[in-house]
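Data first, discussion second: the structure below is written as structure tokens.
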Amino acid sequence: GANRGSKASWQSTYAVQELGRYLSRMSSKPVEVTAAPKSPSKKYIIVVGNEKENSLTRRLVGEGLIALNIPSGNGDGFVLRSAKKGNRQYLVMAGENSISTLYAVYDYLERFCNVGFFMDGEYVPKAGSIPFLGADFSSKPRFEWRHFCGTNCQVFGLRKYGFLFRRREDWNKYFDWMVKRKLNLSG
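Our numbering applies: residue 14 is where the sequence shown begins, and numbers increase by one.
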């Protein structure tokens with residue numbers, strides 16, 4: 014199961030839900046992703062959130078099992094870390110804040126699970142197992158503002174993507190895609 018801790022924001026809660034949704038789509042059976050593992054004897058534990066939001070992350074760092082070292086990126090830096098202790102394997106996805114924690118989840122899905130996030134849809138491969146060990150990645154954006162000029166495409170004749178013709182559902186998909194691509198400004 015996944016652990017998001019007790020002080021989690023709605024964005025971190027959403028990150029856990031998204032992770033569960035995609036892992037279940039990849040797997041041949043539903044994947045349990047919860048706020049806290051029901052059984053301490055679970056072999057695989059996914060931890061979502063930094064030390065401020067998640068008590069298990071705080072414990073793993075305190076025990077020296079992982080070093081987060083989240084790079085400072087104007088609030089958008091994040092890390093993916095894996096560790097093993099005894100027969101238990103941990104996968105930690107943490108950001109400087111709750112939004113960058115969501116970026117960490119999407120990055121994990123893309124980088125380690127081969128999920129593809131495209132403006133016109135997604136690719137979610139079937140997988141026999143969920144990658145746990147070997148996740149040691151950190152990221153910080155090179156630019157504070159990351160922009161996609163999607164609302165101005167009608168100028169170029171791409172009426173399908175022009176903002177004048179979008180319904181609420183289209184806007185929701187567009188902003189959802191922007192978060193998955195770690196874009197934080199629309200224009």
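Just so it is clear, CB atoms sit at the ideal spot from N, CA and C, and this is done for glycine as well.
CA-to-CA distance, residue j to residue i, given in whole angstroms
| i | j | result |
| --- | --- | --- |
| I112 | S151 | 15 Å |
| S37 | V44 | 5 Å |
| R72 | Y116 | 23 Å |
| F130 | F145 | 21 Å |
| I143 | R34 | 13 Å |
| G200 | R101 | For G200, the predicted model reports a pLDDT of 49, less than 50, meaning its position is unreliable; a value from the coordinates is still stated below. Each residue's Cα considered, the two are about 45 Å apart. |
| V92 | L104 | 11 Å |
| I59 | S22 | 17 Å |
| W190 | G88 | 20 Å |
| G62 | V74 | 12 Å |
| S41 | K139 | 7 Å |
| G99 | Y187 | 43 Å |
| S95 | M132 | 30 Å |
| N82 | Y136 | 31 Å |
| Y57 | S85 | 29 Å |
| A1 | A107 | Absent from the structure is residue 1, since the part of the chain shown begins at 14 and ends at 200. |
| N127 | Q30 | 19 Å |
| L32 | E76 | 26 Å |
| F125 | D149 | 11 Å |
| K97 | M39 | 23 Å |
| L78 | T70 | 10 Å |
| T114 | G147 | 19 Å |
| S68 | G141 | 30 Å |
| E123 | A80 | 23 Å |
DSSP-derived helix/strand/coil call for residue i
| i | result |
| --- | --- |
| G33 | helix |
| S22 | coil |
| E123 | helix |
| S151 | strand |
| F130 | strand |
| R194 | coil |
| R180 | coil |
| L212 | Outside the displayed span of the chain (14 to 200) sits residue 212, for which this structure offers no information. |
Presumed contact (8 Å Cβ cut-off) between residue i and residue j, rounded CB distance
| i | j | result |
| --- | --- | --- |
| E109 | G134 | That belief does not hold up - the Cβ atoms of E109 and G134 are roughly 30 Å apart, past 8 Å. |
| E66 | S25 | 6 Å |
| I154 | K195 | Correcting the residue identity first, residue 154 is Pro in this sequence and not Ile. At roughly 7 Å, the Cβ-Cβ gap stays under 8 Å, so P154 and K195 are in contact. |
For the pair the stretch 118-126 and the stretch 182-191, tell me if three or more CB-CB distances fall below 8 Å. The stretch 118-126 is not in contact with the stretch 182-191.
Could you name each continuous alpha helix (DSSP H) segment of 4 residues or more that falls completely within the stretch 49-98, going from the start of the chain to the end? Runs found: 68-75.
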